[in-house]
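Single-structure report; data block below.
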Amino acid sequence: MNSLNSYLNTEIQPLKHTTSIGEVQDFFEDFTYSHFPVTEDGVYIGCVSKESIEFLTPSALLNENRFHFERFFVRFNMIWLDVLEVFAKNEANLLPVLDEKNNYIGYYELEDVIRFLHETPFLKEEGGILIVEKEVNTFSMSQVAQIVESNQAKILGLFISNVAQNKVEITIKISQSGLNDIIQTFRRYDYEIISEHQEDSYLNGLKERSDYLDKYLNI
């Protein structure tokens, strides 16, 4: 798996602060970026968005409209999960990348970061996805791992996918598709199973008994 750094893009030079609004409007017509970085004498001063300059006077300069700039960026050494978070927070499909001395060195495109994510074991390796829920004050990551591994399986990935009303939802990628024993163990530890699984013997048993009762009542 490559480092995210290998996706650093320098193909298109950043916009200059002396660029006219009309040129920037034409730029966004040619490219599908939501934002693009602006520099002054090679120093990053912010991002201009397609939406913010749509109705500005074409003859004006970017420098005259700095109050429209958004000043988000990521560092070259940031991990991919933090980079993805910055994408989400700013609703952008492009992020400027700065080095440790705040020099502009390029940009990441959201499509490339998603491609990188697809190369992680969480998405690339075969396995089953299980979503469980439990009260926050009784939840333990170590317990989740112990439940999975006690059933001779391995965790390929795990993250908290939601927290609401004092309950935490955990999404787990497990190294085997047969999840029934793991599901039943989670239930014994008072976890609620949020995801649906055909191999869930408990729910299948309930369905069979329900079907039997329906037939009996309809006799």
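The sequence shown begins at 2 in our numbering and counts up one residue at a time. All C-beta atoms, glycine included, are put in the ideal place defined by N, C-alpha and C.
- For G179, the closest alpha carbon among the candidates N103, E71, V149 is that of V149.
- Take the alpha-carbon of N104 and the one of G43: they are about 8 angstroms apart.
- Exposure of I80 is indicated by the presence of fewer than 16 other C-beta atoms within 10 angstroms of its C-beta.
- With respect to the C-alpha of E110, the residue from A146, A89, L124 having the closest C-alpha is A89.
- Our two residues, A154 and S176, have alpha carbons roughly 6 angstroms apart in a direct line.
- With a contact defined as Cβ atoms closer than 8 angstroms, P97 and C48 qualify at about 6 angstroms.
- Secondary structure note for A165: it is in no alpha helix (DSSP H), and the uninterrupted beta strand (DSSP E) holding it is 156-165.
- Restricting attention to alpha helix (DSSP H) runs no shorter than 4 residues, the region 4-51 encloses them at 22-31, ordered along the chain.
- Of the other Cβ atoms in all chains shown, 16 or more fall within 10 Å of the Cβ of A93; this residue is therefore buried.
- Looking from the CA of E170, the closest CA among L157, G129, S196 belongs to S196.
- The residue from T33, Q144, L5 with its alpha-carbon nearest to that of L159 is Q144.
- In terms of Cβ geometry, R76 and D100 form a close pair [threshold 9 angstroms].
- Here L63 is not near H119, since their CB atoms are 9 angstroms or more apart.
- If you ignore the 5 residues before and after N91, its C-beta comes within less than 6 angstroms of the C-beta of F73, all in its own chain and listed in chain order.
- The beta carbon of V87 lies closer than 7 angstroms to those of F73, V75, L96 in the same chain, with the five residues before and after it left out.
- Within the same chain, Cβ atoms closer than 7 angstroms to the Cβ of S53 are found at H69, the five residues on either side in sequence being excluded.
- With a minimum length of 4 residues, the unbroken runs of alpha helix (DSSP H) contained wholly in the region 107-139 fall at 111-118, 122-125.
- For T186, the enclosing alpha helix (DSSP H) stretches over residues 181-189.
- In the DSSP annotation of this structure, the continuous segment of the beta strand (DSSP E) that includes K168 starts and ends at 168-175.
- Ranked by Cα distance from E126, the options Y108, E65, K174 are led by K174.
- The closest CA to that of V39, considering only T139, I106, E55, L82, is found on I106.
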